[in-house]
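Each remark here refers to the structure printed beneath this line.
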Ligand SMILES: [Zn+2]
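The structure is reproduced here in structure tokens:
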């Protein structure tokens, strides 16, 4: 278990002290990327020198140069790593999440678009480790999010259906969650969503919607209850989904005062998932550590693939 003050900064003050320059950031990324020490991808050698271009580690055995940021969101970024680290700290330390406008102001970015692109890069980092499938007993339902924004073109003015899957292990604590936006209410997408996020053999609980009954023929154990009234979602039969849905709605309402586009909603669903699944982490610094750890194993996403890209199914 990583330790505060040793593996990650305990406070913002400590953050500033640890990561005063690019070199300190690079050393830290190297430590996260190679936790057992440098390993040359070409020859397996474990001794390396830092080159004059400080982001490169040169293998002492074969001379191959490896960049600590290659294949990560930091690669070829023109922004100093110190700024990246500050942004990640800020996102993790803020309990209610960060809007692009706030990030732009706090970090002094020239444009809203830059801040927005950053948030979406971080989103890719947040969802990456979320590929493990939910298992055990999972509640599955759809809820409606948003619906209070200004009537501007790209802004959500109708409520958006969001699919929710929650692990409900024995005991009081909920397990992990997965969220995804659906194109329409009660579409068949929830079946695809189930296959994307829930392991075969899992017991899935749902309401009595007819289209969900096919889950029983598709490798899942399926329990459902037909609701005579139609609460959203069913409080008693699906308490886990109900709790997550109400937390999500409150969080979205508190974070997004100016309304959100559907694509921005995707970012916020992933951020909510990241935060929820690590909600027991005692320290905000630990979130910072986890996010950076995930960042050094993620792929770079240029802005061109971000725009429009989030409307594609996201495995
Ligand atoms: Zn080598």
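In the working numbering, the protein residues as written are 1301 to 1615. Yeah, the Cβ is synthetic: ideal placement off N, Cα and C, and Gly gets one too.
I need the boundaries of the alpha helix (DSSP H) containing residue i, first residue and last residue.
{"i": "residue 1391", "result": "1381 to 1393"}
{"i": "residue 1323", "result": "1322 to 1333"}
What are the boundary residues of the beta strand (DSSP E) that residue i is part of?
{"i": "residue 1480", "result": "1477 to 1481"}
{"i": "residue 1426", "result": "Per DSSP, residue 1426 belongs to no beta strand (DSSP E); it is in the alpha helix (DSSP H), 1412 to 1427."}
{"i": "residue 1244", "result": "The chain is shown only over 1301 to 1615; residue 1244 falls outside these bounds and no answer can be derived."}
Does the beta-carbon of residue i, which I'm using as the reference point, lie nearer than 6 Å to any heavy atom of ligand 1?
{"i": "residue 1333", "result": "no"}
{"i": "residue 1324", "result": "no"}
{"i": "residue 1345", "result": "yes"}
{"i": "residue 1392", "result": "no"}
{"i": "residue 1364", "result": "yes"}
{"i": "residue 1342", "result": "yes"}
{"i": "residue 1361", "result": "yes"}
Under the three-state reduction of DSSP, which class applies to residue i: helix, strand or coil?
{"i": "residue 1630", "result": "Because the chain in this structure spans residues 1301 to 1615, residue 1630 falls outside the shown range and cannot be described."}
{"i": "residue 1607", "result": "Caution applies to residue 1607, whose pLDDT of 40 falls short of 50 and renders its modelled position unreliable; the model cannot decide the point."}
{"i": "residue 1284", "result": "Because the chain here runs from 1301 to 1615, residue 1284 falls outside it and cannot be looked at."}
{"i": "residue 1553", "result": "helix"}
{"i": "residue 1464", "result": "strand"}
{"i": "residue 1367", "result": "strand"}
{"i": "residue 1348", "result": "strand"}
{"i": "residue 1581", "result": "coil"}
{"i": "residue 1453", "result": "Note that residue 1453 scores 48 on pLDDT, short of 50, meaning its location in the model is unreliable and no value can be drawn from it."}
{"i": "residue 1401", "result": "helix"}
{"i": "residue 1573", "result": "helix"}
{"i": "residue 1544", "result": "helix"}
{"i": "residue 1513", "result": "helix"}
{"i": "residue 1596", "result": "coil"}
{"i": "residue 1408", "result": "coil"}
{"i": "residue 1317", "result": "helix"}
{"i": "residue 1566", "result": "helix"}
{"i": "residue 1539", "result": "helix"}
{"i": "residue 1376", "result": "coil"}
{"i": "residue 1338", "result": "coil"}
{"i": "residue 1586", "result": "helix"}
{"i": "residue 1591", "result": "helix"}
Could you check whether the Cβ of residue i sits closer than 6 Å to any heavy atom belonging to ligand 2?
{"i": "residue 1350", "result": "This structure simply doesn't include ligand 2; it includes ligand 1 instead."}
From the DSSP secondary-structure annotation, give me the bridge partner or partners of residue i.
{"i": "residue 1504", "result": "1438 and 1522"}
{"i": "residue 1308", "result": "1304"}
{"i": "residue 1444", "result": "1461"}
{"i": "residue 1498", "result": "1434"}
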